[in-house]
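*Asks:* What follows is a single structure, and I will ask about it in a moment.
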Amino acid sequence: MQRSGCFHNSIKCSYSNLIHYLQRISKIVTDDHDQKGCRDKYIDIWYMLIMKWHIIVNIIIHFIITLNCHGNKQFFTGILFANGDSWKEMRRFALTNLRDFGMGKKGSEERILEEIPYLIEVFEKHEGKAFDTTQPVIYAVSNIISAIVYGRRFEYTDPLFTGMADRANESIHLTGSASIQMYNMFPWLGPWINDLTRLKKNIADSKMVVTELVRGLKETLNPQMCRGFVDSFLVRKQTLEESGNLDSFYHDDNLVFSVANLFGAGTDTTGTTLRWGLLLMAKYPHIQDQVQEEISRVIGSRQPLVENRKNLPYTDAVIHETQRLANIVPMAVPHTTSRDVTFQGYFIKKGTSVIPLLTSVLQDDSEWESPRTFNPSHFLDEQGLFVKMDAFMAFSAGRRVCLGEGLARMELFLFFTSLLQHFCFSPPTGVTEEDLDLTPAVGFTLNPSPHQLCAIYLSIYLSIYLSIYLSIYLSIYLSIYLSIYLSIYL
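Once you know that position 324 of the sequence shown is 324 in my numbering, the rest is easy, because the numbers rise by one and skip nothing.
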């Protein structure tokens with residue numbers, strides 16, 4: 001293992017080299033942008049450079065985390081970045097209680113089905129005009145985790161709720177920004193970094209809001225009827241304190257940061273993946289057509305249910321391929337070796353922080369036919385049936401595997417199929433499918449680059465299609481009739 005100083009120097013060297021490479025490729029793409037085929041020629045190189053930047057960004061993030069985030073011990077409470085006995089207890093408690101409140105089960109399905117009409121209504125209000133899908137999608141997904149954590153959903157116009165969701169989304173982007181990474185390497189730059197001030201304010205504001213929501217739930221707490229995760233935590237805390245245990249892991253910081261972890265992680269990952277799915281449908285309309293044909297044939301106008309997944313193999317394959325290609329968390333959260341181990345010739349001591357690189361399997365040339373293209377057949381056999389792939393690790397693996405995997409799978413399927421059942425997604429006027437950019441925006445997770453889409457209500461889309469079809473048909477019919485008439489009477 002290298003000492004921190006050596007690691008720090010290697011990060012600075014990699015950062016300098018990366019900037020040099022980015023400048024070179026930018027010049028190449030800029031100089032040649034008018035030449036035919038230059039985009040295809042350099043897109044893979046550009047994508048790999050983006051991925052390399054993201055990897056370095058996250059190495060820095062995780063390295064700083066292991067150095068105690070400049071002494072911010074509160075950062076290590078909760079679930080996501082905690083370790084040791086506190087993490088074990090909070091994760092165990094979260095898993096047990098989230099399952100009790102229906103996470104990944106029928107209870108969650110009912111909450112999602114309740115939320116779907118609200119999201120569809122927002123999309124309908126745009127009347128087929130281009131809009132940014134970020135906020136409505138984030139709000140819909142946030143409401144699912146809110147119902148499980150707080151025991152209630154919020155209106156999309158509720159400033160308390162929109163503030164929470166928007167701050168969580170912004171903080172994800174800020175955490176991966178270049179300026180924050182500069183701060184992680186050179187903390188003395190803090191006073192001059194505006195993004196750091198903004199990030200700290202977001203964290204403080206979020207903590208204040210969560211604290212207020214918890215206070216309100218505490219005032220109306222009924223131990224015999226828990227409404228959500230917060231109630232269960234409060235009841236456990238109260239029970240331990242009444243038994244004389246005043247030094248347990250069930251304290252206010254663990255509650256606030258566990259809620260913040262669940263809300264942030266449960267919102268960003270699923271919401272981002274869903275936005276990638278809609279963008280990919282707009283970019284590849286022939287795949288969108290196949291998804292909608294399968295949904296129409298199997299479900300018709302009925303509300304899609306989780307039980308329909310097994311009868312929608314192509315749609316299921318499209319969702320999995322979206323997760324694989326979008327690769328929104330290329331690097332998992334840090335793990336620690338539980339014993340000494342030798343891996344590929346390298347000795348790793350027990351207790352060493354290890355950062356799994358999920359990209360190495362999600363885009364492995366030996367596992368996927370075309371790892372850097374959108375190809376749903378990666379998850380289909382020769383008969384068109386869905387097949388599970390061992391190399392599909394979008395939810396990570398091991399003891400820190402995604403806590404909400406079951407819920408996320410359910411949300412992606414129900415939201416995606418419901419939206420595709422109602423809307424046809426296309427680029428804005430004047431923008432072609434080829435113009436839609438799949439280059440990810442660098443952050444703590446990989447989000448789509450800023451874009452807008454048109455959500456054309458499917459009945460309107462079909463009406464337009466039928467009108468065009470009938471116009472063409474009538475034109476051909478009239479032409480044939482006229483030619484026959486002229487040939488007979490002239």
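Virtual Cβ for every residue (Gly too), placed ideally from N, Cα, C. Please read these numbers as outputs of a predicted model, since none were measured by experiment.
(1) Using only CA atoms, which one of V318, F374 and I348 lies nearest to L385?
(2) Let's test the definition: count the other Cβ atoms within 10 Å of the Cβ of M208 and tell me whether it reaches 16, buried, or not, exposed.
(3) With 16 other CB atoms within 10 Å as the buried threshold, where does L362 fall?
(4) Kindly indicate which residue of F154, K283 and D253 has the alpha-carbon position closest to the one of W87.
(5) Any contact of the region 222–231 with the region 140–152, i.e. 3+ C-beta pairs under 8 Å?
(6) Can you list, in chain order, the residues of its chain whose CB lies under 7 Å from that of L280, leaving out five sequence neighbours each side?
(7) For V333, report the span of its beta strand (DSSP E) as first-last.
(8) By Cβ distance below 6 Å, which residues in the same chain neighbour A130 in space, the five residues on each side in sequence not counted?
(9) Start and end of the alpha helix (DSSP H) containing V137?
(10) Below 8 Å between beta carbons: does that hold for G330 and T359?
(11) Give me, in chain order, the residues of the same chain whose beta-carbon lies closer than 6 Å to that of G176; leave out the 5 immediate sequence neighbours on both sides.
(12) How would you call N72, buried or exposed, if buried means at least 16 neighbouring beta carbons within 10 angstroms?
(13) Are A168 and T267 closer than 8 Å when you measure CB to CB?
(14) Among the residues of its own chain, which have a CB less than 6 Å from the CB of P223, if the five just before and after it don't count?
(15) Evaluate T315 with the Cβ neighbour count: other Cβ atoms within 10 Å of its Cβ, from every protein chain shown; 16 or more gives buried, anything less gives exposed.
(16) For the region 394–455, which segments carrying the alpha helix (DSSP H) assignment without a break, of at least 4 residues, lie completely within its bounds, in sequence order?
(17) Out of curiosity, what's the CA-to-CA distance linking S243 and D340?
(18) Label I456 either buried or exposed according to how many other C-beta atoms from any shown protein chain fall within 10 Å of its C-beta, with 16 as the threshold for buried.
(19) For F257, report the span of its beta strand (DSSP E) as first-last.
(20) For I484, does the three-state DSSP call read helix, strand or coil?
(21) Quick one: give me the first and last residue of the beta strand (DSSP E) that Y346 is part of.
(22) Grab the span of the beta strand (DSSP E) containing T342 for me, first residue to last.
(23) What does a CB cutoff of less than 7 Å around V401 pick up in its chain, not counting 5 residues either side in sequence?
(24) Could you tell me which residues DSSP puts in a beta bridge with S353?
(25) Measure the C-alpha to C-alpha separation of C69 and N311 and round it to an integer number of angstroms.
(26) How would you write the range of the alpha helix (DSSP H) that E109 sits in, first residue to last?
(27) According to DSSP, is F93 part of a helix, a strand, or is it coil?
(28) Tell me, please, which residues DSSP counts as bridged to F131.
(29) Determine the direct distance from the alpha carbon of F392 to that of R92, and round the result to whole angstroms.
(30) Between K125 and C226, what straight-line distance do the alpha-carbon atoms span, to the nearest angstrom?
(31) Alpha carbon to alpha carbon, how far is R324 from Q383? Give it in angstroms, no decimals.
(32) Select from H286, R99, L113 and S171 the residue whose C-alpha is nearest the C-alpha of P304.
*Replies:* This is what the structure holds:
(1) The sequence position of residue 385 within the sequence shown is 385, counting from 1. When each option's Cα is compared against that of L385, the closest is V318.
(2) Taking the first residue of the sequence shown as 1, we reach residue 208 at position 208. M208 is exposed by the Cβ-count criterion.
(3) Mapped onto the sequence shown, residue 362 falls at position 362. Label assigned to L362: buried.
(4) Position 87 of the sequence shown, counted from the start, is the residue given in the question as residue 87. Looking at the Cα atoms, D253 is the closest of the given residues.
(5) yes
(6) In the sequence shown, counting from the first residue as 1, residue 280 sits at position 280. Only T322 and F374 meet the Cβ criterion.
(7) For this step, residue 333 is matched to residue 333 along the sequence shown. Neither: V333 is in no beta strand (DSSP E) and is coded neither H nor E.
(8) Along the sequence shown, one-based indexing puts residue 130 at 130. Here the set comprises P428, Q452 and C454.
(9) Within the sequence shown, numbered from 1, the residue matching residue 137 stands at position 137. Its alpha helix (DSSP H) spans residues T134 to V149.
(10) Indexing the sequence shown from 1 puts residue 330 at position 330. Indexing the sequence shown from 1 puts residue 359 at position 359. According to the sequence as given, residue 330 is Pro; it is not Gly. Contact: yes.
(11) One-based indexing of the sequence shown puts residue 176 at position 176. These residues qualify, in order along the chain: V57, V442, G443 and F444.
(12) For the purposes of this step, residue 72 is taken as the residue at position 72 of the sequence shown. The predicted position of N72 is uncertain, since its pLDDT is 48 and thus under 50; a value taken from the coordinates is nonetheless stated next. Answer is exposed; the Cβ neighbour count stays below 16.
(13) Here residue 168 refers to the residue found at position 168 when the sequence shown is read from its first residue. Here residue 267 refers to the residue found at position 267 when the sequence shown is read from its first residue. The beta carbons of A168 and T267 sit closer together than 8 Å.
(14) To locate residue 223, count along the sequence shown from 1; it is residue 223. Taken in chain order, the residues that qualify are V235.
(15) Along the sequence shown, read from residue 1 onward, the residue named residue 315 stands at position 315. Buried: at least 16 other Cβ atoms inside 10 Å.
(16) 405–422
(17) As a working mapping, residue 243 is identified with position 243 in the sequence shown. As a working mapping, residue 340 is identified with position 340 in the sequence shown. Each residue's alpha carbon lies about 40 Å from the other.
(18) Translated into the one-based positions of the sequence shown, residue 456 becomes position 456. I456 is buried by the Cβ-count criterion.
(19) Here residue 257 corresponds to residue number 257 of the sequence shown, with the count starting at 1. Per DSSP, F257 belongs to no beta strand (DSSP E); it is in the alpha helix (DSSP H), D252 to K283.
(20) Stepping through the sequence shown from its first residue, residue 484 is reached at position 484. Three-state result, I484: helix.
(21) For the purposes of this step, residue 346 is taken as the residue at position 346 of the sequence shown. Its beta strand (DSSP E) spans residues Y346 to I348.
(22) Against the sequence shown, residue 342 aligns to sequence position 342. Note, T342: beta strand (DSSP E), V341 to F343.
(23) Position 401 of the sequence shown holds residue 401. Excluding residues within five positions, the ones whose Cβ falls inside 7 Å are F395.
(24) Stepping through the sequence shown from its first residue, residue 353 is reached at position 353. Its beta-bridge partners are T336.
(25) Here residue 69 is taken as the residue at index 69 of the sequence shown, counted from 1. Here residue 311 is taken as the residue at index 311 of the sequence shown, counted from 1. Residue confidence is low: C69 scores 43 on pLDDT, short of 50, so the model does not pin down where it sits. Its coordinate-derived value is still stated next. Taking the straight line joining both Cα atoms gives about 48 Å.
(26) Position 109 of the sequence shown, counted from the start, is the residue given in the question as residue 109. Run containing E109: K106 to K125, per the alpha helix (DSSP H) assignment.
(27) Within the sequence shown, residue 93 is the residue found at index 93, counting from 1. In the structure shown, F93 sits in a helix (DSSP, three-state: H, G or I).
(28) Mapped onto the sequence shown, residue 131 falls at position 131. According to DSSP, which records beta bridges pairwise, F131 is partnered with L453.
(29) Position 92 of the sequence shown, counted from the start, is the residue given in the question as residue 92. Position 392 of the sequence shown, counted from the start, is the residue given in the question as residue 392. Cα to Cα, R92 sits roughly 25 Å from F392.
(30) Locating residue 125 in the sequence shown gives position 125, where the first residue counts as 1. Locating residue 226 in the sequence shown gives position 226, where the first residue counts as 1. Approximately 36 Å between the Cα atoms of the pair.
(31) The count along the sequence shown starts at 1 and reaches residue 383 at position 383. The count along the sequence shown starts at 1 and reaches residue 324 at position 324. Using only the alpha carbons, I get a separation of about 22 Å.
(32) For the purposes of this step, residue 304 is taken as residue 304 along the sequence shown, with counting starting at 1. It is L113.
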